[in-house]
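Have a look at the structure below, then the notes.
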Amino acid sequence: MPRPRLGALAMAALVTMAAIWGSTFFLIKDVVSRVPVTDMLVVRFAIATVALVVVLAPRRQLVLSRPVLVRGSLLGLVFGAAQVLQTYGLELTSASISGFVTGLYVVITPLLTWVLLRHRVGLLTWLAVALATVGLGVLSLQGLQVSPGALLTLASAACYALHIVGLGRWSEPGTALSLTVVQLAVVTVVCLPPALADGLTLPATGFDWGAVLYLALIAGSFTMLLQTWAQSQVPATRAAVVMSLEPVFGALFAVALGGESFTWRITVGGLSILAAMYLVELGPLLRRRRAGPRDRAGLPA
């Protein structure tokens, strides 16, 4: 079981990642109106990969062992599929529905954890998942349309959930940097064939290049590194609940930068997701108090 201090640091890393992801909704929606989806993704993740290699290689921090290459490739394939499906889905449905349906990985993750890993999911965690789902619905939905875009987004949510479960199973503190590089490189390769089919379109303006650089360096390599390391410390289901803060931050950024109003939906939805975070953290705390110093094994939340 990770030490409490590292666990708290990992949770803070996941909250930071959710905040950064939340800041990208309006950027992506804007950029893909001028740059094709897969073209934007190729440029974004290629820059993210190169930047991380440039930083790590001179320090000899890249450890590309066979397990890292195999696990990173599988995780990159799943994450790349999620990115493509989500971004195409966002073109075909509203941002509110996309945000809600994408957030359903918070429900799918504990199901996959139970089915694939046979990890017990406690009652408090299921309550947290339910609360987070209600919060996502209140925050995002103004009528649910089962459109092709929503179905694509649901498929992306399943891929995100599988990626979260895989990271929780395979991520280790000592290989987090290398695993991040492999994932980013594979995402680039996944997006490359459809981007090259009609010729690669690059951003044409300074604003678009600035947006893509932010998506690549901050919302790409940095957030992937945060998630990969944090999930070596935090079980997958707890990580998914924390990551469901993404649409909350998305709404707050829309209010702060997009001129939208602060509504009761943001308040109620945000408080529901924060309550879910409290519940998902309460379970491990109660177990430690009951078990005392004798418990060193730790069970998934």
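Residue numbers in the sequence shown follow this note's numbering, run continuously in steps of one, and reach 302 at the last position.
Beta carbons are placed, not taken as given, at the ideal position from N, Cα and C, and that holds for glycine.
The model shown is predicted, which means the values in this text are computed figures rather than measured ones.
Assuming residue i contacts residue j (C-beta within less than 8 angstroms), just tell me the rounded distance between them.
{"i": "Ile165", "j": "Tyr106", "result": "7 angstroms"}
{"i": "Tyr89", "j": "Leu28", "result": "Contact doesn't hold; Cβ gap of about 17 angstroms is too wide."}
{"i": "Thr238", "j": "Thr103", "result": "At roughly 17 angstroms, the Cβ-Cβ gap does not stay under 8 angstroms, so Thr238 and Thr103 are not in contact."}
{"i": "Val69", "j": "Leu227", "result": "Contact doesn't hold; Cβ gap of about 18 angstroms is too wide."}
{"i": "Thr50", "j": "Ala196", "result": "15 angstroms between Cβ atoms; not a contact."}
{"i": "Leu201", "j": "Asp40", "result": "6 angstroms"}
Output yes or no for whether 8 angstroms exceeds the beta carbon distance between residue i and residue j.
{"i": "Glu247", "j": "Gly23", "result": "yes"}
{"i": "Gly150", "j": "Gly271", "result": "no"}
{"i": "Leu53", "j": "Val182", "result": "yes"}
{"i": "Val242", "j": "Ala129", "result": "yes"}
{"i": "Ala231", "j": "Ala14", "result": "yes"}
{"i": "Gly167", "j": "Leu78", "result": "no"}
{"i": "Leu132", "j": "Ala276", "result": "yes"}
Taking the straight line between their C-alpha atoms, what separation do you get for residue i and residue j?
{"i": "Gly169", "j": "Thr224", "result": "16 angstroms"}
{"i": "Arg297", "j": "Ala212", "result": "Low confidence applies to Arg297: its pLDDT is 40, below 50, so where it sits in the model is not reliable, and the reading given next is rough at best. Roughly 45 angstroms separates the two Cα atoms."}
{"i": "Arg295", "j": "Gly73", "result": "In this predicted model, Arg295 has a pLDDT of only 46, less than 50, meaning its place in the structure is not dependable; the value taken from the coordinates is given anyway. About 35 angstroms."}
{"i": "Leu300", "j": "Leu86", "result": "Note on Leu300: pLDDT 33, under 50, position unreliable in the model; the coordinate value appears next. Roughly 33 angstroms separates the two Cα atoms."}
{"i": "Thr110", "j": "Leu280", "result": "16 angstroms"}
{"i": "Met2", "j": "Val108", "result": "Model confidence at Met2 stands at a pLDDT of 48, short of 50, so the residue's coordinates are unreliable; what they give is reported in the following sentence. In a straight line, the C-alpha of Met2 is about 24 angstroms away from that of Val108."}
{"i": "Ala20", "j": "Arg119", "result": "31 angstroms"}
{"i": "Val38", "j": "Val188", "result": "13 angstroms"}
{"i": "Pro273", "j": "Leu7", "result": "Note that residue 273 is Ser in the sequence shown, not Pro. About 26 angstroms."}
{"i": "Val249", "j": "Phe26", "result": "11 angstroms"}
{"i": "Thr176", "j": "Leu155", "result": "31 angstroms"}
{"i": "Pro204", "j": "Lys30", "result": "14 angstroms"}
{"i": "Trp127", "j": "Val16", "result": "20 angstroms"}
{"i": "Arg45", "j": "Thr206", "result": "15 angstroms"}
{"i": "Val64", "j": "Met18", "result": "24 angstroms"}
{"i": "Leu258", "j": "Thr264", "result": "15 angstroms"}
{"i": "Leu91", "j": "Arg266", "result": "21 angstroms"}
{"i": "Gly123", "j": "Ala198", "result": "47 angstroms"}
Kindly indicate which residue of the options has the alpha-carbon position closest to the one of residue i.
{"i": "Val56", "options": "Leu203, Val242 and Leu218", "result": "Leu218"}
{"i": "Thr134", "options": "Arg121, Ser245 and Phe250", "result": "Ser245"}
{"i": "Glu11", "options": "Ala220, Leu258, Val32 and Val235", "result": "With the sequence shown as reference, residue 11 is identified as Ala, and Glu is not the correct amino acid for it. Per the Cα distances, Val235."}
{"i": "Ala47", "options": "Tyr279, Ala205, Gly175 and Gln184", "result": "Gln184"}
{"i": "Ser157", "options": "Ala186, Gln84, Val242 and Asp209", "result": "Gln84"}
{"i": "Trp210", "options": "Ala14, Leu42, Val16 and Ala9", "result": "Leu42"}
{"i": "Ala1", "options": "Ala240, Ala241, Thr268 and Val242", "result": "Look at the range of the chain in this structure, 2 to 302, and you will see that residue 1 is not part of it."}
{"i": "Phe101", "options": "Gly138, Leu125 and Leu75", "result": "Gly138"}
{"i": "Leu117", "options": "Ala177, Thr50 and Ala162", "result": "Ala162"}
{"i": "Phe80", "options": "Glu92, Gly221, Asp40 and Ala277", "result": "Gly221"}
{"i": "Pro194", "options": "Thr229, Ala82, Leu178 and Ala276", "result": "Ala82"}
{"i": "Phe208", "options": "Trp265, Val36 and Phe254", "result": "Val36"}
{"i": "Cys160", "options": "Trp265, Val16, Leu112 and Ala255", "result": "Leu112"}
{"i": "Arg67", "options": "Leu91, Trp171 and Leu124", "result": "Trp171"}
Please report whether the beta-carbon of residue i lies at a distance below 8 angstroms from any beta-carbon of chain B.
{"i": "Gly270", "result": "The question asks about chain B, but that chain is absent: this structure has only one protein chain."}
Beta carbon of residue i: closer than 7 angstroms to some heavy atom of the ligand SAM?
{"i": "Gly221", "result": "What this structure holds is no ligand at all, so the ligand SAM is not there to describe."}
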